[in-house]
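Asks: Sharing a structure below in structure tokens format, with a few things to ask.
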Amino acid sequence: MLNDRQANILRAVVEEYIRTAEPVASKMIADTHLPAVSPATVRNDLMALTEALFLLQPHTSAGRVPTEAAYRYYLDHFMKVERADRIAAELKIAVGQASTSEEVLRAVSRALSSMSGETAFVASDNHATQYTGLSNLMRKPEFEVEGHREEIADAIDRVDNAVDDLLKLAQEDVRVWLGSESPISAEMATVVVRVRLPDGSVGLLGLLGPLRMKYGRNIGLLQEVKKMLDSNFEEV
């Protein structure tokens with residue numbers, strides 16, 4: 020059980036790491052996030068959080084990086100969903116130009132990928148899975164390591180081969196699967212929601228990215244697109 024100070028330090032590490040992709044040092048936390056707390060206290064709490072497996076300390080750095088457990092704690096206790104009004108306006112225009120269900124799904128996938136900076140997908144039994152933004156994953160620092168690009172290909176295969184199972188696991192509310200929680204990839208975060216597609220079938224809308232993703236923004240995007248799909252774009 021974390022005390023309030025430790026929880027706030029953990030929050031600071033997660034948010035800074037999401038922002039920078041660099042290990043987070045105790046001095047930065049003390050100076051920027053908790054100026055009323057002494058650097059020594061911050062260092063001690065970082066050590067305690069590391070021993071509790073919320074943080075890791077890379078050998079080449081004095082800073083810390085979050086573990087899967089840290090991201091889960093952050094999601095459960097601190098994450099705030101952001102409004103996503105802009106995607107509604109953009110999709111209204113794109114969908115107005117689409118003449119088939121497949122074109123609608125491509126427009127949805129493109130808009131999600133563009134605004135999230137992640138890989139977006141729309142899957143169902145009735146349609147070929149639409150992917151957009153695979154290059155977004157390739158450019159992430161986490162996936163520049165040798166072998167991780169193969170994991171991206173494997174994750175795509177898992178989506179294609181398990182649409183039925185994924186639809187059962189997904190819910191009407193947006194779900195976040197972190198690493199080992201995910202049936203798609205133990206190396207990534209997967210944000211998914213079940214939606215009603217233009218032809219009336221049930222589909223899966225999702226984003227694939229590193230654990231270091233902007234969850235509040237991405238959940239807000241999926242919520243907005245789900246609302247539009249479920250209402251057949253009659254409401255913004």
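Quick note on numbering: my numbering labels position 186 of the sequence shown as 205, and the sequence is numbered without any gaps. We put the CB at the ideal spot given by N, CA and C, even for glycine.
Distance, Cα to Cα, Glu254 vs Arg105?
Replies: Low confidence applies to Glu254: its pLDDT is 49, below 50, so where it sits in the model is not reliable enough to give any reading.
Asks: Tell me, which residues are paired with Gly225 by DSSP?
Replies: Phe140, Val211
Asks: Please list, in chain order, all residues of the same chain as Lys99 whose beta carbon is under 7 Å from its beta carbon, the five residues on each side excluded.
Replies: Taken in chain order, the residues that qualify are Gly235.
Asks: What residue range does the beta strand (DSSP E) around Thr151 cover?
Replies: 149 to 151
Asks: Looking at the structure shown, is Pro85 part of a helix, part of a strand, or coil, going by DSSP?
Replies: In the displayed model, Pro85 falls within a strand according to three-state DSSP.
Asks: Which whole-angstrom value describes the C-beta separation of Leu223 and Leu186, a residue pair presumed to lie in contact below a C-beta threshold of 8 Å?
Replies: 6 Å
Asks: Between which residues of its own chain and Gln242 is the CB-CB distance below 8 Å, once the five residues before and five after are set aside?
Replies: Val100, Ala103, Val193, Val212
Asks: Ser45 to Arg62, Cα distance in whole Å?
Replies: 6 Å
Asks: What separation, rounded to the nearest whole angstrom, lies between the Cα atoms of Ala174 and Ser118?
Replies: 30 Å
Asks: Leaving out five residues on either side along the sequence, give the residues of the same chain with a beta carbon under 6 Å from the beta carbon of Pro217.
Replies: Ser120, Val123
Asks: Look at the Cβ atom of Arg231, then the Cβ atom of Tyr36, and state whether they are nearer than 8 Å.
Replies: Their beta carbons are under 8 Å apart, which means Arg231 touches Tyr36 by this criterion.
Asks: What does the Cβ neighbour count give for Gly152, buried or exposed, with the cut at 16 atoms within 10 Å?
Replies: Gly152 should be labelled buried.
Asks: So the candidates are Arg215, Ala172, Thr138, Gly198; which of them puts its Cα closest to the Cα of His146?
Replies: Here the closest residue by C-alpha is Arg215.
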